[in-house]
Amino acid sequence: MRTRIWWRSRRMVAGAGLAAIILAGSIGTASASPHGSSGPGGSGVVNGTSTSPFEDVTPPTFDDGTPFAAAQQWLEVALSHRTRRLDALAKAVSDAKDLPGNVSSVLAKLVAADAVGIGALAGEVSGASGVQTLDQAAASMIVDYRVYAVVTPVVRTTLASYDQLAAAASLQSLEPAIGAAMATDSKAASANRAAALYRDLLAELGDVVAGDTAEVAAVVALTPGSFPSSSDVLSSASSTLTASAARLASARQDVRGIVALLATPGLTRMRARLGGRG
615 MRTRIWWRSR
625 RMVAGAGLAA
635 IILAGSIGTA
645 SASPHGSSGP
655 GGSGVVNGTS
665 TSPFEDVTPP
675 TFDDGTPFAA
685 AQQWLEVALS
695 HRTRRLDALA
705 KAVSDAKDLP
715 GNVSSVLAKL
725 VAADAVGIGA
735 LAGEVSGASG
745 VQTLDQAAAS
755 MIVDYRVYAV
765 VTPVVRTTLA
775 SYDQLAAAAS
785 LQSLEPAIGA
795 AMATDSKAAS
805 ANRAAALYRD
815 LLAELGDVVA
825 GDTAEVAAVV
835 ALTPGSFPSS
845 SDVLSSASST
855 LTASAARLAS
865 ARQDVRGIVA
875 LLATPGLTRM
885 RARLGGRG
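Just so we're aligned: the sequence shown equals residues 615 to 892 in the numbering used here.
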């Protein structure tokens, strides 16, 4: 567990006012940040400053004036929600059908390491007898694990990237049939228009594959210790995912246009496929 000394000058003090923390039973889900790192909502007032058990950047400080029961309850809620988030992430990784085995293993280990650490902290908090122990646990919960700031967006971004890569591969699988149809079409005008759409299709898919492949490699390499530089990597990946989504939509439209221009038996079967991933 890391020492808290160097954090104190950068963190808000949670003094006696922590007893007023509002831990509503109907805690909802906050809107996601551009990186997908936001945790569930729920806030309280600490010395007149809004704070949240789901803070994942700057831990609160529990000093000697902090009511023990209030600090312990704050941490129990914060750790409980992190545990549930990690369980959901582990299931998402396990259920993912498009992840390469090595990437799935990396993500599973990332989530499992956090789950073990957060579970150990929960035990320490439950058995704590002093505020100092809680103070150290609060720092470790955020600094050592970054469940919301790093682990969540790493998993979600990686899953989204491989979903897009699978969609691109599905559309690329149509290329032989498109090429054959263009070669046999007897109408020069429609064949020329189809060829233009085909060139655009290849360019769009090439950009998706190149962009997502490069970004996901950088994202998968992130760990809780990568913070705060991880924010730049995740921001770049988020922008790439948005651009790739637009390119995939354009590629699907290209294929629809080609199918409409070249109404051959081989291409008509594509219509059903366009309703799915491709």
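A virtual CB, placed ideally from N, CA and C, is assigned to each residue, including glycine.
query                                                                                                                                                        : result
One question on the structure: do valine 833 and alanine 860 come within less than 7 Å of each other, judged by their Cβ atoms?                              : no
Tell me which same chain residues have a C-beta within less than 7 Å of the C-beta of phenylalanine 841, skipping the five on either side of it?             : Arg760, Ala763, Val764
Which residue wins for smallest C-alpha separation from leucine 586, given the options Lys705, Asp670, Leu713, Ala710?                                       : Past the edges of the chain, shown from 615 to 892, lies residue 586, and the structure says nothing about it.
Take leucine 703 as the anchor and find which of Arg870, Asn806, Pro790, Thr771 has the nearest alpha-carbon.                                                : Thr771
Can you look up tyrosine 762 in the DSSP assignment and give me helix, strand or coil?                                                                       : helix
Can alanine 780 and aspartate 712 be called in contact, C-beta distance under 7 Å?                                                                           : yes
Just tell me which of His695, Val768, Ile872 has its CA closest to the CA of alanine 795.                                                                    : Ile872
According to the Cβ coordinates, are alanine 685 and leucine 748 closer than 7 Å?                                                                            : yes
Just to check my reading of the structure: tyrosine 776 and valine 823 have Cβ atoms closer than 8 Å, yes? What is that Cβ distance to the nearest angstrom? : With 8 Å as the limit, tyrosine 776 and valine 823 do not qualify as a contact, their Cβ atoms being about 11 Å apart.
For the segment 805-820 and the segment 782-789, state whether three or more C-beta atom pairs, one from each stretch, are separated by less than 8 Å.       : yes
Return the first residue and the last residue of the alpha helix (DSSP H) that threonine 798 is part of.                                                     : 789-798
Are alanine 729 and leucine 700 touching if we call contact CB-CB under 7 Å?                                                                                 : yes
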